[in-house]
Amino acid sequence: MADNNRKRNHSHWNQKVKQKSVEAGVTGLFFSCEGHEKQALQEAYSIIDELLEDPQISTAPEVVPEDVKASEAKPEVDVGDDSDEDIADALKKACDDQRQAKPGNGKAGKKERRCIQRPTGVKNCIFVSVKNAKIELLAEKMVDLTQKAPRCRYLQRVYPVEHTMAVDLSKMNEVLMKVISDTLKPNDEGKLPTYSVEFKARNNDSVARASVLQMVDDAICVLAPAARVNLNHADVTFFVQVSRTTIMIGVCRQFYDRRKYSLRPVKAVTNAVTAAE
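Going by numbering that gives the first Met the number 0, the sequence shown opens with residue 0, and the numbers climb by one from there.
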């Protein structure tokens with residue numbers, strides 16, 4: 000009887016999370032993973048932090064440390080009759096400035112977080128917003144890095160998201176027109192890049208694949224009628240990912256040649272091959 004009256008403690012891990020989908024207006028990386036989302040998120044953070052050290056990817060302004068600013072702005076000490084007192088005051092001030100500039104003391108030691116996870120509301124899907132970075136180049140470097148050597152155990156694929164918005168077909172059409180106009184431009188030889196379209200909807204059935212393909216086709220007929228489709232080796236791939244109440248749009252270059260932006264290296268061939276000279 001006592002067991003029946005005992006209150007059960009149900010702990011819901013996402014009970015305090017009010018937001019259930021990626022908000023509009025953010026840019027970042029959209030990952031798919033094989034379960035273990037917490038471990039997959041740590042893998043993503045680790046690789047992103049490593050790649051953001053590259054000045055070609057990061058667009059953040061260089062931050063001058065506070066101790067350098069203090070040393071440059073420190074006035075010269077006039078040594079006179081009371082030189083002992085002046086030197087003692089100068090040393091005390093220098094020690095105070097050094098103590099305040101140490102990491103962990105107040106806001107001076109805090110580092111701005113450039114990578115923040117946003118809830119997707121979809122299982123095995125992770126979105127990480129990234130500030131001050133070239134998202135498309137960041138995804139390309141991540142794919143190249145992880146396909147050379149094993150770096151990920153749980154992450155599967157990555158998509159560079161340049162535009163996020165609520166589910167609105169008119170807004171999506173407007174964004175697709177802009178993305179296609181900025182991407183399908185002739186090269187130095189005057190040739191337009193070939194293109195393809197990737198679409199995936201998760202926990203949402205209000206956006207049909209046929210509608211997205213028709214929007215892209217109409218936009219290309221107006222903006223780049225000479226562009227041609229290539230379903231196997233497209234130069235650029237426009238992708239539309241629908242996750243619950245959010246539409247994510249971006250561009251992947253050499254999508255199929257990069258094995259659909261997989262974050263796993265190619266499996267080594269076990270059979271020995273004898274080279275004939």
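Idealized CB from N, CA, C, for every residue including glycine. Predicted model, so just to flag it, every value in this text is computed and none were measured.
- By the C-beta density criterion, E188 is exposed, having fewer than 16 other C-beta atoms within 10 angstroms.
- Straight across, the Cα-Cα distance linking S180 with V215 is about 11 Å.
- Here T58 is exposed: its Cβ has fewer than 16 other Cβ atoms, across all protein chains shown, within 10 Å.
- Residue environment for A226: buried (at least 16 other C-beta atoms within 10 angstroms of its C-beta).
- Counting only residues of its own chain and dropping the five nearest sequence neighbours on each side, Y260 has a CB closer than 8 Å to the CB of A138, V142, R156, V157, Y158, C251, F254.
- Pairwise C-beta distances place the segment 236 to 245 in contact with the segment 181 to 201, as three or more of them are shorter than 8 Å.
- Separation of the CB atoms of L175 and L183 is rounded to 12 Å, and the pair is thereby denied contact status at 8 Å.
- The residues P192, T193, in chain order, have a CB closer than 6 Å to that of D234 in the same chain once the five nearest residues on each side in sequence are set aside.
- Under the three-state reduction of DSSP, Y255 is assigned to coil, being neither helix nor strand.
- Exposed is the label assigned to L230, since fewer than 16 other Cβ atoms lie within 10 Å of its Cβ.
- The C-beta separation of T236 from S20 comes to about 24 Å, leaving the pair out of contact by the 8 Å criterion.
- Separation of the CB atoms of I56 and E161 is rounded to 15 Å, and the pair is thereby denied contact status at 8 Å.
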